Amino acid sequence: MEASLADASELASRLRFSFDSGHIWLGETRMILLHGAAVIALRKELIDSLGTDRARGVLTRIGYASGVSDAAWARKLYPDASGTELLVMGPQLHKLEGMVCTRNGRLNIDVAKGIFYGEFIWESSFEADAHTELYGVSSEPACWMQLGYASGYVSTLMGKFILFNETECSAAGAHQCRIVGRPPVEWHDAEASLKYFQPDSVADHIIALQTQVQNLRYSIDEDLHTDDLVGASPSFRQASSLLKKAAASQVTVLLLGETGVGKERFARALHNASNRADRPFVAVNCAALPEQLIESELFGVEKGAFTGAQQSRPGRFERAHGGTLFLDEAGELSASAQAKLLRVLQEGELERIGDSHTRKVDVRVVAATNVNLSEAVQEGRFRKDLYYRLNIYPVTIPPLRERKDDIALLVQRFLDKYCVRHSKQVIGVTDQVMHAFKQYSWPGNIRELENVIERGIILAQEGGRIDLADIFPAIMDDAGKPRLSGLSKDGSVLKQDEGTVEAFLDYVQKNKVSLDEVESVLLKAAMARADGNLSSAARALGMTRPQLAYRLKKSS
Numbered sequence: 003m004e005a006s007l008a009d010a011s012e013l014a015s016r017l018r019f020s021f022d023s024g025h026i027w028l029g030e031t032r033m034i035l036l037h038g039a040a041v042i043a044l045r046k047e048l049i050d051s052l053g054t055d056r057a058r059g060v061l062t063r064i065g066y067a068s069g070v071s072d073a074a075w076a077r078k079l080y081p082d083a084s085g086t087e088l089l090v091m092g093p094q095l096h097k098l099e100g101m102v103c104t105r106n107g108r109l110n111i112d113v114a115k116g117i118f119y120g121e122f123i124w125e126s127s128f129e130a131d132a133h134t135e136l137y138g139v140s141s142e143p144a145c146w147m148q149l150g151y152a153s154g155y156v157s158t159l160m161g162k163f164i165l166f167n168e169t170e171c172s173a174a175g176a177h178q179c180r181i182v183g184r185p186p187v188e189w190h191d192a193e194a195s196l197k198y199f200q201p202d203s204v205a206d207h208i209i210a211l212q213t214q215v216q217n218l219r220y221s222i223d224e225d226l227h228t229d230d231l232v233g234a235s236p237s238f239r240q241a242s243s244l245l246k247k248a249a250a251s252q253v254t255v256l257l258l259g260e261t262g263v264g265k266e267r268f269a270r271a272l273h274n275a276s277n278r279a280d281r282p283f284v285a286v287n288c289a290a291l292p293e294q295l296i297e298s299e300l301f302g303v304e305k306g307a308f309t310g311a312q313q314s315r316p317g318r319f320e321r322a323h324g325g326t327l328f329l330d331e332a333g334e335l336s337a338s339a340q341a342k343l344l345r346v347l348q349e350g351e352l353e354r355i356g357d358s359h360t361r362k363v364d365v366r367v368v369a370a371t372n373v374n375l376s377e378a379v380q381e382g383r384f385r386k387d388l389y390y391r392l393n394i395y396p397v398t399i400p401p402l403r404e405r406k407d408d409i410a411l412l413v414q415r416f417l418d419k420y421c422v423r424h425s426k427q428v429i430g431v432t433d434q435v436m437h438a439f440k441q442y443s444w445p446g447n448i449r450e451l452e453n454v455i456e457r458g459i460i461l462a463q464e465g466g467r468i469d470l471a472d473i474f475p476a477i478m479d480d481a482g483k484p485r486l487s488g489l490s491k492d493g494s495v496l497k498q499d500e501g502t503v504e505a506f507l508d509y510v511q512k513n514k515v516s517l518d519e520v521e522s523v524l525l526k527a528a529m530a531r532a533d534g535n536l537s538s539a540a541r542a543l544g545m546t547r548p549q550l551a552y553r554l555k556k557s558s
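Per the numbering used here, residue 3 is the first one in the sequence shown, and the count goes up by one each step.
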């Protein structure tokens with residue numbers, strides 16, 4: 003059959019430019035504009051340093067990854083489109099991205115039966131022109147990245163690998179470029195081309211050596227590295243460096259920071275890096291226990307000490323003997339508990355409630371609080387001597403809004419964790435979600451990010467990415483609404499209000515919102531903006547008060 007390629011202008015209208023942040027979006031995928039000269043320079047450096055064969059492999063795999071991404075985006079944008087309709091979007095996107103113009107060709111496709119044969123003509127190939135500019139007329143086809151793109155795009159739609167080869171190339175002196183795609187088993191020399199889609203053995207060796215160097219560096223690095231302590235930002239590195247220096251001593255550490263910054267994780271990392279790592283780590287949240295129970299929980303109780311104490315039991319200090327006790331929300335301790343804690347810190351001994359026998363304990367205390375203890379001392383809510391005893395070695399853990407560079411690392415950590423917990427494969431988050439994450443203020447800090455990722459994994463499609471619809475609305479509200487402009491049908495940049503209309507139409511089409519639903523949203527929004535004033539809302543919508551009242555009644 004003849005494959006007729008539709009105009010790319012409809013897809014071009016989905017391209018958005020954010021002048022505030024410098025982002026370019028194609029749907030929810032972040033794009034970049036590169037100078038053609040930069041890509042040509044990269045091509046030359048790869049060929050000159052790796053040789054033609056290995057350079058071809060690198061560029062082929064780059065193109066393949068791009069094709070896979072575009073195919074996944076097209077399928078998500080048009081879930082009801084046929085295989086043929088989705089396939090022709092690939093050349094449209096390739097043309098929109100400035101790589102090549104694809105003309106009508108032969109196409110036989112049946113996704114259900116796994117049948118594919120495609121033959122297309124390329125004109126104005128960027129790669130062919132670039133290769134000719136660098137090396138003159140070539141002895142073989144040179145559109146490597148574009149071939150990778152075609153293979154990646156079609157393979158994703160077919161659910162099986164489809165290999166494209168270039169049978170004619172303008173870089174090799176032909177009038178135009180011609181490509182043919184079909185399953186590898188239908189090519190008599192498939193192995194010669196398939197090797198370019200496999201990771202290069204030399205590259206793997208280099209990566210392995212880099213990994214070894216990285217591991218050696220970590221072994222002497224002053225940073226703390228555990229499964230739950232992730233970060234690379236300057237503020238994170240400063241806090242972890244302070245903890246590392248404290249780990250070798252027995253000094254009492256006071257962790258300061260907002261709720262949700264990960265104080266317990268830092269305390270565990272400190273314990274694991276100390277010479278007490280093989281002994282117990284016991285954590286207690288002082289704010290979560292009633293005042294009448296906090297002392298018995300911390301220091302233990304003897305049988306008959308009070309009603310309900312039917313047997314003797316050790317407290318958290320005794321259970322942590324030889325190890326580390328983490329006192330979270332230490333600022334919430336009662337006055338009596340503060341006095342007993344001070345004695346343990348100073349003398350290393352305690353008495354259970356209802357007992358006169360003194361017990362020695364060897365415990366390293368790590369305290370944490372999100373309240374200002376110095377203010378609590380001035381207000382008489384916290385003992386001054388205990389404050390000085392806890393405040394020997396304070397470490398402030400920065401809030402997430404001050405370590406935005408760590409968000410991507412944390413997102414991957416939580417993706418790995420919750421994909422396993424929920425037995426679901428989610429490959430990541432979309433570029434726009436990551437952008438929203440970095441714009442958001444994160445009042446709940448890392449704990450909030452972890453909750454958002456778990457929710458996103460539950461809502462996302464199997465094998466897909468977490469997108470804007472899967473995250474909490476508050477994140478999008480807080481991230482703000484950047485000025486976005488798109489492309490009109492003729493390729494010119496739209497005005498800001500025109501871009502907003504285009505984006506709204508994209509949303510309506512993608513989510514299949516009916517006209518009645520659109521009207522209902524507009525009516526309710528106008529009423530909300532007018533604080534319920536019917537006349538004011540009617541004026542804003544350009545209608546009379548009775549007309550608005552009738553439409554509101556109709557939509558309710």
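We put the beta carbon where it would ideally sit given N, CA and C, even for glycine. Values in this document were obtained by computation on a predicted structure and should not be read as measured data.
- Message: Let me confirm a value: lysine 556 is counted as buried when at least 16 other C-beta atoms fall within 10 Å, else exposed. Which label applies?
- Response: exposed
- Task: Give the straight-line distance between the Cα atoms of aspartate 408 and glutamate 456, rounded to the nearest whole angstrom.
- Result: 18 angstroms
- Query: Is it true that the CB of arginine 449 sits closer than 8 angstroms to the CB of glycine 233?
  - Reply: no
- Message: Taking contact to mean 3 or more Cβ pairs, one atom from each stretch, closer than 8 angstroms, check whether the region 290-307 and the region 258-275 are in contact.
- Response: no
- Does the region 417-434 touch the region 267-281, meaning 3 or more C-beta pairs lie closer than 8 angstroms? no
- Task: Rank Ser68, Ala248, Glu464, Leu165 by C-alpha distance to the C-alpha of histidine 424 and give the top, closest one.
- Result: Glu464
- On a CA-only basis, which of Val182, Ala132, Met160, Val156 is nearest alanine 174? Give me that one, please. Ala132
- Considering only the beta carbon of each residue, do glutamate 297 and alanine 339 sit closer than 8 angstroms? yes
- Item | Whole-angstrom C-beta distance between phenylalanine 238 and proline 400, which should lie under 8 angstroms | 7 angstroms
- Closest to valine 413 by CA distance: which of Asp433, Thr398, Glu381 is it? Asp433
- Below 8 angstroms between beta carbons: does that hold for leucine 272 and valine 253? no
- Message: With DSSP as the reference, identify every bridge partner of leucine 119, one or two as the case may be.
- Response: The amino acid occupying residue 119 in the given sequence is tyrosine; leucine does not appear at that position. DSSP output for tyrosine 119 lists Asn110 as bridge partner(s).
- Per-residue DSSP class, three states only, for glutamate 464: coil
- Measure from the alpha carbon of alanine 114 to the alpha carbon of each residue in Ala192, Gly161, Asn287, then state which is nearest. Gly161
- Message: Tell me whether the region 30-37 and the region 79-95 touch, counting them as touching only if at least three CB pairs, one residue from each stretch, are closer than 8 angstroms.
- Response: no
- Task: Count the other CB atoms, across all protein chains shown, that sit within 10 Å of the CB of phenylalanine 21; report buried if there are 16 or more and exposed otherwise.
- Result: exposed
- leucine 295 burial status per 10 Å Cβ neighbour count (16 or more: buried): exposed
- Message: Tell me whether the region 364-380 and the region 326-338 touch, counting them as touching only if at least three CB pairs, one residue from each stretch, are closer than 8 angstroms.
- Response: yes
- Which residues DSSP lists as bridging lysine 342, in chain order: DSSP lists no partner for lysine 342.
- Using the C-alpha atoms, what's the distance from methionine 545 back to serine 157? 53 angstroms
- Message: Could you tell me which whole alpha helix (DSSP H) segments of length 4 or greater appear in the region 226-251?
- Response: 236-249
- Item | Alpha carbon of arginine 219 to alpha carbon of serine 51, nearest angstrom | A caution first: arginine 219 carries a pLDDT of 49, below 50, which makes its placement in the model unreliable, though a value can still be read off. So the two alpha carbons sit approximately 27 angstroms from each other.
- Message: Is the separation between the beta-carbon of isoleucine 468 and that of valine 431 shorter than 8 angstroms?
- Response: yes
- Within 10 angstroms of its Cβ, does valine 523 collect 16 or more other Cβ (buried), or is it exposed? exposed
- Message: Checking 8 angstroms against the spacing of the C-beta atoms, do glutamate 168 and proline 185 come in under that value?
- Response: no
- Task: Could you tell me if leucine 35 is buried or exposed, where buried requires 16 or more neighbouring beta carbons within 10 angstroms of its beta carbon?
- Result: exposed
- Around the Cβ of valine 187, are there at least 16 other Cβ atoms within 10 angstroms (buried) or fewer (exposed)? exposed
- Message: Need the endpoints of the beta strand (DSSP E) that valine 284 sits in, please.
- Response: 283-287
- Nearest CA to the CA of alanine 275: which residue from Gly325, Ala67, Val435? Gly325
- Selected residue, minimal CA-CA separation from isoleucine 64, among Gly534, Arg45, Leu536: Arg45
- Item | Length of the line joining the Cα atoms of threonine 54 and arginine 105 | 28 angstroms
- Measure the C-alpha to C-alpha separation of arginine 318 and valine 286 and round it to an integer number of angstroms. 8 angstroms
- Item | Beta-ladder partner(s) of alanine 103, from DSSP | What sits at residue 103 in the sequence shown is cysteine, not alanine. Glu125, per the DSSP bridge assignment.
- Task: Between the Cα of glycine 107 and those of Ala14, Glu121, Gly100, spot the shortest distance and give me the residue it belongs to.
- Result: Glu121
- Please look up how many angstroms separate the CB atoms of threonine 62 and tyrosine 198, rounded, as I've assumed it's under 8 angstroms. 4 angstroms
- Message: If you follow the alpha helix (DSSP H) that isoleucine 181 is in, where does it begin and where does it stop?
- Response: Counting along the chain, isoleucine 181 falls outside any alpha helix (DSSP H), though it belongs to the beta strand (DSSP E) covering 179-184.
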